[in-house]
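Position in the sequence shown counted from 1, then plus 244, gives you the numbering used here.
Some notes on the structure that comes next.
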Amino acid sequence: MTLKLNRRQFIATGTAFAALGARSAAAASPELNARVADIQLLPENYGSTRIWGFEGMAPGPEIRVVQGARVQRRLVNGLPDVTSTHWHGIRIDNSMDGVAGLTQEAIAPGTSFDYDFIVPDAGTYWYHAHNRSFEQVARGLHGALIVEEPDPLDIDHEEVLVLDDWLIDPDTAQIAETFGAMHDLSHAGRLGNYITTNGKYNLSKPVNRHERLRLRLINASNARIFQLALDGLEGWIVALDGMPLAQPREVEGTFLLAPAQRIDLIVDVTSETGGAGHIVQFDRNESFSQVAFEVTGDGAKSRRAAPGPLPPNNHAMPQLAGARDLSLLMEGGAMGGMRGAMMGGRMSSMREMMQSGNFWAFNGSVGGLDGAPLASLSHGETVRLKITNDTVFPHAMHLHGMHFHEISPDGSLGPLRDTTLLERGEVRDIAFVADNPGKWLLHCHMLSHAAAGMMTWIEVA
Ligand code: C2O
Ligand code: CU
Numbered sequence: 245m246t247l248k249l250n251r252r253q254f255i256a257t258g259t260a261f262a263a264l265g266a267r268s269a270a271a272a273s274p275e276l277n278a279r280v281a282d283i284q285l286l287p288e289n290y291g292s293t294r295i296w297g298f299e300g301m302a303p304g305p306e307i308r309v310v311q312g313a314r315v316q317r318r319l320v321n322g323l324p325d326v327t328s329t330h331w332h333g334i335r336i337d338n339s340m341d342g343v344a345g346l347t348q349e350a351i352a353p354g355t356s357f358d359y360d361f362i363v364p365d366a367g368t369y370w371y372h373a374h375n376r377s378f379e380q381v382a383r384g385l386h387g388a389l390i391v392e393e394p395d396p397l398d399i400d401h402e403e404v405l406v407l408d409d410w411l412i413d414p415d416t417a418q419i420a421e422t423f424g425a426m427h428d429l430s431h432a433g434r435l436g437n438y439i440t441t442n443g444k445y446n447l448s449k450p451v452n453r454h455e456r457l458r459l460r461l462i463n464a465s466n467a468r469i470f471q472l473a474l475d476g477l478e479g480w481i482v483a484l485d486g487m488p489l490a491q492p493r494e495v496e497g498t499f500l501l502a503p504a505q506r507i508d509l510i511v512d513v514t515s516e517t518g519g520a521g522h523i524v525q526f527d528r529n530e531s532f533s534q535v536a537f538e539v540t541g542d543g544a545k546s547r548r549a550a551p552g553p554l555p556p557n558n559h560a561m562p563q564l565a566g567a568r569d570l571s572l573l574m575e576g577g578a579m580g581g582m583r584g585a586m587m588g589g590r591m592s593s594m595r596e597m598m599q600s601g602n603f604w605a606f607n608g609s610v611g612g613l614d615g616a617p618l619a620s621l622s623h624g625e626t627v628r629l630k631i632t633n634d635t636v637f638p639h640a641m642h643l644h645g646m647h648f649h650e651i652s653p654d655g656s657l658g659p660l661r662d663t664t665l666l667e668r669g670e671v672r673d674i675a676f677v678a679d680n681p682g683k684w685l686l687h688c689h690m691l692s693h694a695a696a697g698m699m700t701w702i703e704v705a
């Protein structure tokens, strides 16, 4: 991949190098310390909670760069377990993708790994642990990775909102150490009992009436599908999983944010001064304020005109005629009726699968990193992949390294995504140009499912 620097990036990079000049070359990468910390996660009348976090925070520090820039971080593993860091949604060089066991060796405690990559696309991304993710992400190892457009948007504020779902023992204020519980592996995944935004259960931001905000929503939870709506705010979805929509989509009613997905919104504050706007979260028949925007003052007298689309990122368009057809049948789980699947090279009963903590199959095989790839693709090939969710649970399927188009029911190319939600029984076709060489995971982002068989990979050579 060649790097084209525009003027602003060039200046930023130049400054970075000038600043580094005083230090030794070996210290070039800023450190990102993965470590254990005690933080006040619960309301003040509870004790502190022990987490694993980047720089001891959950979410970790926001990493923010301009499109086309280079990101360098020395991941220092201060955890009591091996780890690796994945940069979710970045069209990255394969060796920097951070998948322990596929693209790199796991980073041992007390050692480090230098991540160094270019971010080709503007948008909202995130980074998270990718070893025993069902445990390490649940303990707090994730953060936002924001890639700015070269030219600023016409907005008044921007808020990055990392939504998380923690499973906490209220008696001890500690994270429930039930990672890999059979029920989570086999049902809807590890669902929590304490929902936060940017680590707070009651995040509130002051705004003025008629201000225009850009909201970058990131779902960092293990398994929760957020059902959201706007109240006292009116707006448009302008990007999904970092990638701009061709046309902003006005928000009407509720919208879903599945694990690992991102939504960029542009919203106008329509609530009266003294009132509040909200991102509302629905859970069964109840609704809660996920984030409050307290309208503390009068802004402009009137609203602005509707926003135009964000500038597109540069993606090759799949040509469906002549595409390689692939299919992925997702089976298993509780109440799924699967009798067994291939595991370790032989047919195994569901009972045998369960004994090793496996509950799901892709195309009749329990998935993992050691098996053969789902497909070996040649560079530049267009793929059309039919995904069939033949289970009774929803799944958020994520492809590393490349974004794909969801294909709409009428056969046209829908939005670019890196994570697509399939409801129970749903079938979805996706298409992409395999233009990033390497080994790329394709897995369910309900992290307990990925650990229990819902994981495969493709190779692009
Ligand atoms: Cu968000 Cu395989 O990862
Ligand atoms: Cu799943």
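All C-beta atoms in this analysis are idealised placements derived from N, C-alpha and C, irrespective of residue type, glycine included.
Consult DSSP for Arg317 and reduce its assignment to one of helix, strand or coil. Here the question's residue 317 lines up with position 73 in the sequence shown. In the three-state DSSP reduction, Arg317 falls in the strand class (E or B).
Which whole-angstrom value is the C-beta distance of Ser515 and Val539, which I expect to be below 8 Å? In the sequence shown, counting from the first residue as 1, residue 515 sits at position 271. In the sequence shown, counting from the first residue as 1, residue 539 sits at position 295. About 5 Å; that satisfies the 8 Å criterion.
Return yes when the Cβ of Asn321 is within less than 7 Å of the Cβ of Glu299, no when it is not. Your numbering for residue 299 matches position 55 in the sequence shown. Your numbering for residue 321 matches position 77 in the sequence shown. In terms of Cβ geometry, Glu299 and Asn321 do not form a close pair [threshold 7 Å].
Can you determine whether any heavy atom of ligand 2 sits closer than 6 Å to the C-beta of Met690, and answer yes or no? Within the sequence shown, the letter at position 446 stands for residue 690. Met690 Cβ: within cutoff of ligand 2.
DSSP on Asn452, reduced to helix/strand/coil? On the sequence shown, residue 452 is found 208 positions in, with the first residue counted as 1. In this structure, Asn452 counts as strand in the three-state DSSP scheme.
Would you mind stating whether Glu703 and Pro617 have Cβ atoms separated by less than 7 Å? By 1-based counting over the sequence shown, the position of residue 703 is 459. By 1-based counting over the sequence shown, the position of residue 617 is 373. If you check the CB distance, Glu703 and Pro617 come in under 7 Å.
Nearest to Pro555 (by Cα), restricted to the options Trp604, Val451 and Pro488: To locate residue 555, count along the sequence shown from 1; it is residue 311. For the residues Trp604, Val451 and Pro488, the minimum Cα distance to Pro555 belongs to Pro488.
Extent of the continuous beta strand (DSSP E) to which Arg661 belongs: Position 417 of the sequence shown, counted from the start, is the residue given in the question as residue 661. Element bounds for Arg661: Leu657 to Arg661.
List the residues that DSSP assigns as beta-bridge partners of Met513. On the sequence shown, residue 513 is found 269 positions in, with the first residue counted as 1. Met is not the amino acid found at residue 513; the sequence shown has Val there. Per DSSP, Leu477.
Would you check if the distance between the CB atom of Pro394 and the CB atom of Gln311 is smaller than 7 Å? Residue 394 sits at position 150 when you count from the first residue of the sequence shown. Residue 311 sits at position 67 when you count from the first residue of the sequence shown. For Pro394 and Gln311, yes; Cβs fall inside 7 Å.
Measuring straight from C-alpha to C-alpha, what distance separates Arg279 and Asp654? Translated into positions along the sequence shown, residue 279 becomes position 35. Translated into positions along the sequence shown, residue 654 becomes position 410. Those two C-alpha atoms are separated by around 48 Å.
Cut-off 8 Å between Cβ atoms - residues of its own chain near Thr347, not counting five sequence neighbours on either side: Position 103 of the sequence shown, counted from the first residue, corresponds to residue 347. Correct list, in chain order: Asn338, Ser339, Met340, Asp341, Gly682 and Lys683.
With H, G and I counted as helix, E and B as strand and the rest as coil, what does DSSP make of Val326? The residue you call residue 326 lines up with position 82 of the sequence shown. Coil.
Figure out for me which residue from Leu613, Asp542 and Val671 has the closest Cα to the Cα of Met574. In the sequence shown, residue 574 corresponds to position 330, counting from 1. When only C-alpha atoms are compared, the closest one is Val671.
Taking only the alpha-carbon atoms, compute the straight-line gap between Leu509 and Ser600 and give it to the nearest angstrom. The residue labelled residue 509 in the question sits at position 265 within the sequence shown. The residue labelled residue 600 in the question sits at position 356 within the sequence shown. Here the C-alpha atom of Leu509 lies approximately 42 Å from the C-alpha atom of Ser600.
Distance cut-off 6 Å: Ala504 Cβ against heavy atoms of ligand 1: Reading the sequence shown from its first residue, position 260 is the one you call residue 504. Relative to the non-hydrogen atoms of ligand 1, the Cβ of Ala504 comes within a distance shorter than 6 Å of at least one.
With 7 Å set as the bound, which would you pick, yes or no: does the beta-carbon of Leu573 sit closer than that to a beta-carbon of chain C? Structure shown: chain C not included; a single protein chain is present.
Stretch-stretch touch, CB-based, cutoff 8 Å, three pairs: the region 409 to 425 with the region 385 to 392: Short answer: they don't touch.
The beta strand (DSSP E) that contains Met426, what's its start and end? Numbered from 1 along the sequence shown, position 182 holds the residue referred to as residue 426. Annotation for Met426: no beta strand (DSSP E) segment contains it, though the alpha helix (DSSP H) segment containing it runs Met426 to Ser430.
Among the residues of its own chain, which have a CB less than 6 Å from the CB of Ala560, if the five just before and after it don't count? Position 316 of the sequence shown, counted from the start, is the residue given in the question as residue 560. The beta carbon of Ala560 is closer than 6 Å to those of Val677 and Asp679 in its chain, skipping five residues each way along the sequence.
Would the beta-carbon of His386 be found less than 6 Å away from any heavy atom of ligand 1? Within the sequence shown, the letter at position 142 stands for residue 386. Every heavy atom of ligand 1 is 6 Å or more from the Cβ of His386, so no.
According to DSSP, simplified to helix, strand and coil, what is Gln505? Walking along the sequence shown from the start, residue 505 turns up at place 261. In the three-state reduction of the DSSP assignment, Gln505 falls in the coil class, being assigned neither a helical nor a strand state.
Simplified DSSP state of Met582, which is helix, strand or coil: If you number the sequence shown from 1, residue 582 lands on position 338. Coil.
Tell me whether the beta-carbon of Gly219 lies closer than 7 Å to the beta-carbon of Asn602. Nothing can be reported for residue 219: it is not among the residues displayed for the chain, which extend from 245 to 705.
DSSP puts Gly576 in a beta bridge; with which residues? Here residue 576 refers to the residue found at position 332 of the sequence shown. DSSP, once it has assigned bridges, lists Trp604 as partnering Gly576.
From this set, Met594, Leu319 and Ile334, which residue's C-alpha is nearest Thr327's C-alpha? Numbered from its first residue, the sequence shown carries residue 327 at position 83. For Thr327, the nearest C-alpha among the options comes from Leu319.
Any chance the region 448 to 461 sits against the region 395 to 414, with 3 or more Cβ pairs inside 8 Å? Yes, the region 448 to 461 is in contact with the region 395 to 414.
Span of the beta strand (DSSP E) around Ala490: If you number the sequence shown from 1, residue 490 lands on position 246. Run containing Ala490: Met487 to Glu494, per the beta strand (DSSP E) assignment.
When the Cα atoms are used, what is the spatial distance from Gly424 to Leu686? On the sequence shown, position 180 is the one that residue 424 refers to. On the sequence shown, position 442 is the one that residue 686 refers to. Cα to Cα, Gly424 sits roughly 20 Å from Leu686.
Check whether Val513 and Ile523 have beta carbons under 7 Å apart: Translated into the one-based positions of the sequence shown, residue 513 becomes position 269. Translated into the one-based positions of the sequence shown, residue 523 becomes position 279. The answer is no: Cβ separation not under 7 Å.
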